Amino acid sequence: MTETKHALAVPNSAILNMAPGANLSAYVQAVGGIAVLSAERERELAERLYYDECVDSAREMVLAHLRFVVHIARSYSGYGLSEADLIQEGNVGLMKAVKRFDPSKGVRLVSFAVHWIKAEMHEYILRNWRIVKVATTKAQRKLFFNLRSQKKALGWLSAEETKAIAADLGVDASEVTRMEGRLASRDVAFDAPADSDEDDAWHAPQYFLADADTDPGQLVEIADFTEESLARLRVALADLDLRSRDILERRWLHEDKPTLHALAAEYDVSAERIRQLEANALKKLRTSLVA
Numbered sequence: 006m007t008e009t010k011h012a013l014a015v016p017n018s019a020i021l022n023m024a025p026g027a028n029l030s031a032y033v034q035a036v037g038g039i040a041v042l043s044a045e046r047e048r049e050l051a052e053r054l055y056y057d058e059c060v061d062s063a064r065e066m067v068l069a070h071l072r073f074v075v076h077i078a079r080s081y082s083g084y085g086l087s088e089a090d091l092i093q094e095g096n097v098g099l100m101k102a103v104k105r106f107d108p109s110k111g112v113r114l115v116s117f118a119v120h121w122i123k124a125e126m127h128e129y130i131l132r133n134w135r136i137v138k139v140a141t142t143k144a145q146r147k148l149f150f151n152l153r154s155q156k157k158a159l160g161w162l163s164a165e166e167t168k169a170i171a172a173d174l175g176v177d178a179s180e181v182t183r184m185e186g187r188l189a190s191r192d193v194a195f196d197a198p199a200d201s202d203e204d205d206a207w208h209a210p211q212y213f214l215a216d217a218d219t220d221p222g223q224l225v226e227i228a229d230f231t232e233e234s235l236a237r238l239r240v241a242l243a244d245l246d247l248r249s250r251d252i253l254e255r256r257w258l259h260e261d262k263p264t265l266h267a268l269a270a271e272y273d274v275s276a277e278r279i280r281q282l283e284a285n286a287l288k289k290l291r292t293s294l295v296a
């Protein structure tokens, strides 16, 4: 039996009517009224599911443990996320646990399922607590969910406290310091709000980015290069004869570029001769500029 088949088969109309997102209080009350399974009944249902793929047994096991998911979800209320969403994620973990539960191991489902329920809740919290993910490595995830409970005061940790927490959680002290800073930070929009005025808009990060086009050093450098290039161009053009200079300027420096035939008619020569004069002038110009 695949996980998709199991996950879709478990929620029946009764569970859908008790969805935590619709009415959390009613949902909590409803799941609290579902009878707790005895060890014998749980083993009987687990064996039916494990050996016979009985979906009805899976449904009964899930329903009987929904209250446990609610209990775990409430322990994560300090992250500012919707309790209903946490419960929904925990229910997914519960269904995964029920599918993988092996009754021959001799443990109760509640002990086996706690890992899967918390894993789903942890993933949801890490995805939604901040826009930028604050914990990716194993050490960071451990610190994310344990650092605040380890702190004895609201202020920043001292060096001794940092070392003690690092030793207790089995991570580097530098990781503790980094995670403390991440937990104390907050998300900031890159752009200023559309309705903000000038007095408030300048706080947005977009106004703190360096603009390469306004760097004084680069502006001076560009201006000096442009001035020097123009000066060298003027000198190179001055070395040309009047006809070659006029053809070159009108063909390359004017917006209204005349055709070879138009210049040929003006100078009473062939268009091929104008092309030759232009090519020779460009060659002389290049030689003067690179010298």
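Heads up, the final residue of the sequence shown is numbered 296 in the working numbering, and it's a clean run with no missing numbers.
Virtual Cβ for every residue (Gly too), placed ideally from N, Cα, C.
It should be emphasised that the depicted structure is a prediction, and the values quoted were computed from it without experimental measurement.
Residues near residue i in its chain [Cβ-Cβ closer than 6 Å; skip 5 each side]
{"i": "ALA40", "result": "none"}
7 Å CB neighbourhood of residue i in its chain, flanking five on each side removed
{"i": "ILE92", "result": "PRO25, VAL74, VAL75 and ALA78"}
{"i": "ALA124", "result": "GLY98"}
Helix, strand or coil at residue i according to DSSP, with G and I counted as helix
{"i": "GLY186", "result": "helix"}
{"i": "LYS147", "result": "helix"}
{"i": "GLY37", "result": "helix"}
{"i": "GLU260", "result": "coil"}
{"i": "PHE230", "result": "helix"}
{"i": "TYR272", "result": "helix"}
{"i": "SER116", "result": "helix"}
{"i": "PRO108", "result": "helix"}
{"i": "SER82", "result": "helix"}
{"i": "HIS70", "result": "coil"}
{"i": "GLY175", "result": "coil"}
{"i": "GLU283", "result": "helix"}
{"i": "GLU58", "result": "coil"}
{"i": "LEU99", "result": "helix"}
{"i": "SER87", "result": "coil"}
{"i": "ASN28", "result": "coil"}
{"i": "TRP121", "result": "helix"}
{"i": "SER163", "result": "coil"}
{"i": "THR142", "result": "coil"}
Residues near residue i by beta carbon distance below 8 Å, same chain, minus five either side
{"i": "LEU294", "result": "ARG237, LEU238 and ALA241"}
{"i": "TRP121", "result": "GLY98, LEU99, LYS101, ALA102 and ARG105"}
{"i": "MET126", "result": "ILE77, ALA78, TYR81, LEU91, GLU94, GLY95 and GLY98"}
{"i": "THR182", "result": "LEU162 and THR167"}
{"i": "SER275", "result": "ALA269"}
Pair within 8 Å by beta-carbon distance, residue i and residue j
{"i": "LEU114", "j": "LEU152", "result": "no"}
{"i": "MET66", "j": "ALA51", "result": "yes"}
{"i": "TYR84", "j": "TRP134", "result": "yes"}
{"i": "GLN155", "j": "MET184", "result": "no"}
{"i": "LYS289", "j": "ASP244", "result": "yes"}
{"i": "LEU86", "j": "ILE130", "result": "yes"}
{"i": "GLU5", "j": "ARG256", "result": "Only positions 6 to 296 of the chain appear in the structure, and residue 5 is not among them; the question remains open."}
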